[in-house]
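Novice: Throughout the sequence shown, residue numbering follows my numbering, covering 138 to 600 in sequence.
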Amino acid sequence: MTFPKYPEYKVSRVEWLGEVPAHWGVVPLRGAAKQEAYSFTDGDWVETPFITDEGVRLIQTGNIGVGKYREQGFRYISEETFSKLNCTEFFPGDVLICRLADPVGRACLAPDLGARMITSVDVCILKTKSEISSNFLVYFLSSDPYLSFMASVSRGGTRERVSRSFLGSVRILMPSVEEQSSIVAFLDHETARIDALVEEQQRLIELLKEKRQAVISHAVTKGLDPDVPMKDSGVEWLGEVPAHWEVGGLTKFIGPVVDYRGRTPKKVDDGIFLVTAKNIRDGRIDYEVSKEYADPESAKSLLERGKPEIGDLLFTMEAPLGQVALIDRTDIALAQRIVKFKGGEGVMMNSYLMYWLMSTSCQARMETLATGSTALGIKASKLGMIECPAPPVAEQEEIVSHIKRESAKHDVLLVEAQANIDLLQERRSALISAAVTGKIDVRGWQPPAGSSATSVTKQTEAV
């Protein structure tokens with residue numbers, strides 16, 4: 138299915154909008170608000186001491202997603218604080234626009250949470266006029282042209298933002314009420330179909346991860362031979378292991394532990410890559426998830442405790458606890474919350490040890506030894522309390538090879554599923570942008586009879 142264009146266009150005089158349908162209006166965002174008090178205003182400055190466990194619900198910047206409300210915990214203020222601070226209450230269906238990254242200018246409809254609601258100072262509340270559909274406005278404020286423009290004009294030291302006055306001056310498009318309804322109905326239907334496919338791919342990813350975890354956990358606790366004689370490990374949570382395997386505390390099978398906690402190297406814009414706990418994920422160092430750099434002299438002093446060597450095992454002691462990876466390059470520095478060690482020579486392979494630490498049994502054991510209220514952590518002195526099964530080295534090699542082969546199969550499917558999600562999300566964004574900026578005319582659109590989510594790809598290819 139392809140979508141027609143409008144018969145006539147005009148120059149919008151807004152560079153990032155380009156040409157728009159000839160009969161559409163172009164107005165500042167504040168022009169969409171009702172002409173009454175608090176119809177276009179910022180939320181309230183609510184400091185941490187005012188936060189309570191019940192009362193008036195506080196919606197924060199993290200709750201504002203691109204076109205969607207996101208639940209991220211519950212925070213409240215008391216009725217007394219509400220009155221004392223003269224807070225501005227908003228209601229379900231109002232438009233909430235976040236002036237703070239990421240991304241700047243994202244918006245969603247206020248949800249119905251069954252409670253009175255206020256929001257934080259970096260969220261703008263907009264109550265729309267009767268001739269403006271709140272749903273259409275949220276779709277417009279979720280479009281790529283708008284979000285790209287907002288990213289280009291936002292400013293800030295620690296986090297980018299825009300002022301409410303600037304936000305109010307941003308130009309938006311205003312079709313007729315009837316066209317807004319048509320566009321909203323079209324996008325509600327089509328984005329729901331895309332979202333259903335995305336959820337399907339996300340479920341597949343979770344299933345693949347579970348299967349990969351099961352392969353690892355079984356191999357490092359039961360071995361590869363289903364007929365091998367078994368024995369009681371003597372560890373309640375571990376159960377039976379192959380009879381010829383040794384079982385003992387982790388420190389029995391590893392060399393000295395190098396602890397990088399307690400010192401933070403001086404951070405700079407350009408220096409030695411600093412591997413933090415954030416970078417260590419699922420058995421590898423992810424150099425993209427966080428990019429921090431250490432001053433070379435500061436890093437040199439820190440690494441006197443132990444320089445990184447290829448194949449050494451990194452272990453996160455907290456925030457997050459129990460993530461592992463093998464070092465794959467030496468031109469790095471290691472941050473706090475990380476320790477480094479290696480398996481004992483001729484006793485324990487680093488790669489086998491890594492998989493053991495990743496196993497479901499071992500992860501559960503770490504949680505029983507961990508302490509902390511906001512973030513679980515484990516003391517180095519307790520590493521020896523993490524029991525570890527140790528097959529002969531030759532068998533460790535076989536187990537590692539088996540896990541790598543099976544993981545590779547899962548990884549191919551994981552990459553494919555994530556690529557499908559990325560493509561669907563790109564098409565979703567393209568569809569929204571095309572509809573709300575008038576690049577396609579959906580006035581004559583009707584939901585196809587017997588339509589299903591599986592046809593969404595063909596539906597969106599024409600955008």
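No residue lacks a Cβ here, since even glycine has one placed at the ideal position from N, Cα and C. These numbers come from a predicted model, not from an experiment.
Identify the residues that DSSP records as bridge partners of Glu156: which are they?
Specialist: Beta-bridge pairing links Glu156 to Val148.
Novice: Indicate the three-state DSSP secondary structure (helix, strand or coil) for Gly581 in the structure shown.
Specialist: coil
Novice: Bridge partners for Ile391 per DSSP, in chain order?
Specialist: Note: Ile391 is bridge-paired with Gly480 in the DSSP secondary-structure output.
Novice: If you draw a straight line from the C-alpha of Tyr492 to the C-alpha of Pro240, how long is it?
Specialist: Computed Cα separation, rounded: 37 angstroms.
Novice: Is the separation between the beta-carbon of Trp374 and that of Arg502 shorter than 8 angstroms?
Specialist: yes
Novice: Going along the chain, which residues of its own chain have a beta-carbon closer than 7 angstroms to the beta-carbon of Arg580, five neighbours each way excluded?
Specialist: A distance below 7 angstroms between beta-carbons, with the five flanking residues on each side excluded, links Arg580 to the following residues of its chain, in chain order: Glu316, Ser319.
Novice: Going residue by residue through the region 406 to 431, where are the continuous beta strand (DSSP E) segments of at least 3 residues, counting only ones entirely within it?
Specialist: Segments of the beta strand (DSSP E) lying fully in the region 406 to 431: 409 to 412.
Novice: Might you give, ordered along the chain, the residues of its own chain that have their beta carbon closer than 7 angstroms to the beta carbon of Ser592, omitting 5 neighbours on each side?
Specialist: With a pLDDT of 45 at Ser592, under the threshold of 50, the predicted position of this residue should be treated as unreliable, and no value is reported.
Novice: Let's test the definition: count the other Cβ atoms within 10 Å of the Cβ of Thr328 and tell me whether it reaches 16, buried, or not, exposed.
Specialist: buried
Novice: Specify, as a first and last residue, the run of the beta strand (DSSP E) that Glu563 falls within.
Specialist: Glu563 -> not in any beta strand (DSSP E); alpha helix (DSSP H) instead, spanning 530 to 573.
Novice: So the candidates are Ser435, Val372, Thr178, Val537; which of them puts its Cα closest to the Cα of Ser354?
Specialist: Val537
Novice: What first and last residue would you give for the alpha helix (DSSP H) that runs through Phe452?
Specialist: DSSP places Phe452 outside any alpha helix (DSSP H); the residue lies instead in the beta strand (DSSP E), whose first and last residues are 450 to 454.
Novice: Quick one: Cα of Val344 to Cα of Ile331, how far?
Specialist: The amino acid at residue 344 is misidentified as Val; the sequence shows Leu. Cα to Cα, the separation comes out at about 20 angstroms.
Novice: Which residue from Pro402, Trp153, Thr453, Gly408 puts its Cα closest to that of Asp419?
Specialist: Thr453
Novice: By Cβ distance, which residues of its chain are closer than 8 angstroms to Leu471, with the 5 residues on each side in sequence left out?
Specialist: Tyr397, Leu411, Val412, Leu439, Leu440, Pro445, Leu451, Lys477
Novice: Tell me Ala517's beta-bridge partners as DSSP assigns them.
Specialist: Residue pairing by DSSP places Ala517 in no beta bridge whatsoever.
Novice: Which residues does DSSP pair with Gly162 in a beta bridge?
Specialist: Met311
Novice: Please work out which residues of its chain come closer than 6 angstroms, Cβ to Cβ, to Lys147, disregarding the five sequence neighbours upstream and downstream, and give them in chain order.
Specialist: Ala159
Novice: For Val600 and Gly242, what's the separation of their Cα atoms in angstroms?
Specialist: Residue placement at Val600 is poorly supported in this model, since its pLDDT is 46, which falls under 50; the coordinates still yield a value, given next. Gly242 has its alpha-carbon roughly 24 angstroms from the corresponding atom of Val600.
Novice: Would you kindly work out how many angstroms separate the C-alpha atoms of Leu506 and Gly521, rounded to a whole number?
Specialist: 11 angstroms
Novice: Quick check: the region 209 to 228 against the region 247 to 260, are at least 3 beta-carbon pairs closer than 8 angstroms?
Specialist: yes
Novice: Rounded to the nearest angstrom, what separates Val573 and Phe273 at their Cα positions?
Specialist: C-alpha separation (whole angstroms): 8 angstroms.
Novice: What is the C-beta distance between Leu250 and Arg194, in whole angstroms, given that I count them as a contact (C-beta under 8 angstroms)?
Specialist: Between Arg194 and Leu250 the Cβ distance is about 6 angstroms, and since that is below 8 angstroms, they are a contact.
Novice: If you pair each beta-carbon of the region 296 to 314 with each one of the region 150 to 167, do three or more pairs fall below 8 angstroms?
Specialist: yes
Novice: State yes or no: is the C-beta of Ser280 within less than 8 angstroms of the C-beta of Ser570?
Specialist: yes
Novice: Hey, how far is the Cα of Ser544 from the Cα of Asp559?
Specialist: 22 angstroms
Novice: Mind reading off the beta-carbon distance from Leu324 to Tyr283? Whole number of angstroms is fine, and I expect it under 8 angstroms.
Specialist: In fact, because the Cβ distance is near 15 angstroms, the residues do not count as touching under 8 angstroms.
Novice: Is it right to say Ser435 is buried, meaning 16 or more other beta carbons lie within 10 angstroms of its own, or is it exposed?
Specialist: It is buried - the Cβ of Ser435 has at least 16 other Cβ atoms within 10 Å.
Novice: Quick one: grab the DSSP three-state call for Pro229.
Specialist: Pro229: coil per DSSP, three-state reduction.
Novice: So, under 8 angstroms CB-CB, Glu532 and Val384 are touching, yes? Tell me the CB distance rounded to an integer number of Å.
Specialist: Incorrect: roughly 14 angstroms between the Cβ atoms, too far for contact.
Novice: Taking the DSSP output, what are the residues bridged to Pro379?
Specialist: Met367
Novice: Which residues in the same chain as Trp161 place their Cβ atom closer than 7 angstroms to its Cβ, once the five residues preceding and following it in sequence are excluded?
Specialist: Leu310, Met311, Pro312, Gly575
Novice: Cβ atoms of Arg301 and Cys261: under 8 angstroms apart, would you say?
Specialist: yes
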